[in-house]
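Student:
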């Protein structure tokens with residue numbers, strides 16, 4: 086996609102500046118990527134297996150801080166594909182689900198997830214090309230055999246916020 090390298094450069098510069106100024110890296114990334122914090126949690130179970138060159142799994146989290154009492158799951162196949170709270174979708178492919186180490190702000194890949202990790206999960210709207218009918222056909226939730234129809238992360242977040250008030 087056009088602008089990808091420039092965005093990666095900008096992310097690196099802004100994260101470095103945030104660290105130097107002792108600003109919150111997660112807040113910096115959320116603002117820069119126009120992301121939505123989905124939950125803050127602690128991994129209490131990670132199930133994964135390798136099959137056919139892919140790393141499949143589910144990571145289960147218990148909520149911490151403002152999300153205390155919530156149960157969250159992130160399903161992945163090399164990439165994070167579906168994030169749920171109490172079995173309700175919060176974010177799904179092609180939108181991006183990003184897990185960051187709560188202390189360092191560094192990304193956590195699926196194969197590195199382990200029991201006890203404290204994470205901040207956020208969703209980032211996909212590029213508009215991935216949100217077209219063709220984009221959803223080739224990387225939407227049904228392509229990965231999830232029963233959900235694609236719903237944009239901002240719609241899911243607004244729906245969740247309305248229902249929890």
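Numbering (our numbering), first residue to last: 86 to 250.
The C-beta atom is built at its ideal place from N, Cα and C for all residues, glycine as well.
These numbers come from a predicted model, not from an experiment.
Roughly how many whole angstroms lie between the Cα atoms of residue 138 and residue 98?
Tutor: Annotation: residue 138 to residue 98 spans about 34 Å, alpha carbon to alpha carbon.
Student: Would you decide whether residue 189 is buried or exposed? Buried here means 16 or more other CB atoms lie within 10 Å of its CB.
Tutor: exposed
Student: Have a look at 110, 200, 121 and flag the residue whose alpha-carbon is nearest the alpha-carbon of residue 244.
Tutor: 121
Student: Taking all protein chains shown into account, do 16 or more other C-beta atoms lie within 10 angstroms of the C-beta of residue 178, making it buried, or fewer, making it exposed?
Tutor: When all chains shown are included, residue 178 counts as buried.
Student: So, are the CB atoms of residue 198 and residue 191 less than 8 Å apart?
Tutor: Not in contact: residue 198 and residue 191 (Cβ atoms no closer than 8 Å).
Student: Check the DSSP bridge columns for residue 184 and list the partner residues they point to.
Tutor: 206
Student: Going by C-alpha to C-alpha distance, which of 126, 93, 166 sits closest to residue 153?
Tutor: 126
Student: Can you give me the Cβ contacts of residue 242 inside the same chain, cut-off strictly under 6 Å, excluding the 5 residues immediately before and after it?
Tutor: 121
Student: Alpha carbon to alpha carbon, what distance is there between residue 106 and residue 227?
Tutor: 43 Å
Student: So within the region 114–192, which uninterrupted beta strand (DSSP E) runs reach at least 3 residues, ignoring any that extend past its ends?
Tutor: 121–136, 139–148, 156–162, 164–170, 173–177, 181–186
Student: Between the beta-carbon of residue 169 and the beta-carbon of residue 155, is there less than 8 Å?
Tutor: no
Student: In terms of alpha-carbon separation, which member of 96, 124, 231 lies closest to residue 246?
Tutor: Measuring from the Cα of residue 246, the nearest candidate turns out to be 124.
Student: If residue 142 and residue 132 are in contact, beta carbons under 8 Å, what's the gap, nearest whole angstrom?
Tutor: The Cβ separation is near 6 Å, so the contact holds.
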